[in-house]
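Residue numbers (my numbering): 414 to 716.
Printed below as a string of structure tokens:
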């Protein structure tokens, strides 16, 4: 009985320490989420200086959201920019991870280079975006350099052309996050039993074959994690294109992402449509999170 009493006493302190987290979660996450879902079923917007609503309209906001066609354009923009960012990011991270985790290469100054490649992840995206906006502006250093070496005769409008604008956004996000991805993949590679590599070498496998048939299969759980978290981050892409295009998504809305579209509704105080779009993004995020749980759960071996 005394042991049970002590266990109950210790458990009480555990619950007390959980109270701050529960309070913060309820106030800053649960209540706003429930309020957003509630607002999505109402007509609630500003028409000039006149406040319209809130009037209950059921699923009308969702019907308008999908019937207008804009959401599909912005979803495609978000997906294209994410692919342009993720493909070079994962390739570069795999290459760097393989180099840094290979004991045979004996690379010098590894700690320094690991720190350098991770540093961009610590810098605010808005600061990076302002830097790139200045660099690639019509009268910026990049255009000046290209004209001085005779590569172009007049300033190239990087942010007014679809390919270059998307490319700059993707490159900037890749630069910010490839260090984090490299650290994750490198940690996974260093956790692989070296005897597997030695056995493959004895069997006559080349470095490329070892990487493709030994390293990659064993990295599958981490690769899946990186893939899904990167996709979730891509769905939330906002600050970089917002700053680079001044919130317009130019040229011709080709850099307008889903969250930028959501921000437009919030800026115009159309809380009903903003709530509906938030719920759609929440459902997509939930589905992707469920995929992560299922895929990583299947990798566990039963004893």
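Note that CB positions come from ideal geometry on N, CA and C, so glycine has one too.
Everything numeric in this text was worked out from a predicted model, so none of it was measured.
Residue i vs residue j beta-carbon contact at 8 Å
{"i": "residue 490", "j": "residue 661", "result": "no"}
{"i": "residue 585", "j": "residue 653", "result": "yes"}
{"i": "residue 555", "j": "residue 546", "result": "no"}
{"i": "residue 509", "j": "residue 572", "result": "no"}
{"i": "residue 689", "j": "residue 679", "result": "no"}
{"i": "residue 717", "j": "residue 447", "result": "This structure cannot settle anything about residue 717, because the visible part of the chain is limited to 414 through 716."}
{"i": "residue 717", "j": "residue 539", "result": "Because the chain in this structure spans residues 414 to 716, residue 717 falls outside the shown range and cannot be described."}
{"i": "residue 455", "j": "residue 434", "result": "no"}
{"i": "residue 449", "j": "residue 681", "result": "no"}
{"i": "residue 601", "j": "residue 635", "result": "yes"}
{"i": "residue 497", "j": "residue 580", "result": "yes"}
Per DSSP, cross-strand counterpart(s) of residue i
{"i": "residue 453", "result": "According to DSSP, residue 453 bridges with nothing at all."}
Local conformation of residue i per DSSP, three classes
{"i": "residue 577", "result": "helix"}
{"i": "residue 460", "result": "strand"}
{"i": "residue 569", "result": "coil"}
{"i": "residue 620", "result": "helix"}
{"i": "residue 520", "result": "coil"}
{"i": "residue 660", "result": "coil"}
{"i": "residue 425", "result": "helix"}
{"i": "residue 551", "result": "coil"}
{"i": "residue 714", "result": "Caution applies to residue 714, whose pLDDT of 45 falls short of 50 and renders its modelled position unreliable; the value that the coordinates give is listed next. Three-state DSSP puts residue 714 in coil, outside helix and strand."}
{"i": "residue 666", "result": "coil"}
{"i": "residue 564", "result": "coil"}
{"i": "residue 503", "result": "helix"}
{"i": "residue 602", "result": "helix"}
{"i": "residue 589", "result": "helix"}
{"i": "residue 596", "result": "helix"}
{"i": "residue 536", "result": "coil"}
Min CB distance residue i to chain B below 8 Å
{"i": "residue 575", "result": "Protein chain content of the structure displayed is limited to a single chain, and chain B is not contained in it."}
Residue i Cβ short of 7 Å to the ligand HEM heavy atom set
{"i": "residue 455", "result": "Within the structure as shown, the ligand HEM is missing, as the structure has no ligands at all."}
| field | Touch test, the stretch 528-536 against the stretch 580-593, Cβ-Cβ under 8 Å, three pairs minimum | value | Contact holds: three or more Cβ-Cβ distances are below 8 Å.
| Counting pairs of Cβ atoms below 8 Å between the stretch 582-591 and the stretch 500-510, do you hit three or more? | Under the Cβ criterion (8 Å, minimum of three pairs), the stretch 582-591 counts as touching the stretch 500-510.
| task | Taking only runs that begin and end inside the stretch 463-496, name each unbroken beta strand (DSSP E) of 3 or more residues, in chain order. | result | For the stretch 463-496, whole beta strand (DSSP E) runs of length 3 or above, ordered along the chain, are 463-469.
| query | Does the stretch 467-483 come close enough to the stretch 641-653 that 3 or more CB-CB pairs lie under 8 Å? | reply | Below 8 Å, too few C-beta pairs join the stretch 641-653 and the stretch 467-483 to call them touching: fewer than three.
| message | Quick check: the stretch 696-709 against the stretch 627-646, are at least 3 beta-carbon pairs closer than 8 Å? | response | Three or more beta-carbon pairs separated by less than 8 Å link the stretch 627-646 to the stretch 696-709, which places the two stretches in contact.
| request: Please specify which runs of the alpha helix (DSSP H), each continuous and at least 4 residues long, are wholly inside the stretch 606-656, giving them in chain order. | output: Here the runs fully enclosed are 607-615, 620-623, 633-648.
| message | Runs of 4 residues minimum, wholly inside the stretch 682-713: which ones carry the alpha helix (DSSP H) assignment? | response | Within the stretch 682-713, the runs of alpha helix (DSSP H) at least 4 residues long that lie entirely inside it are, in chain order, 684-710.
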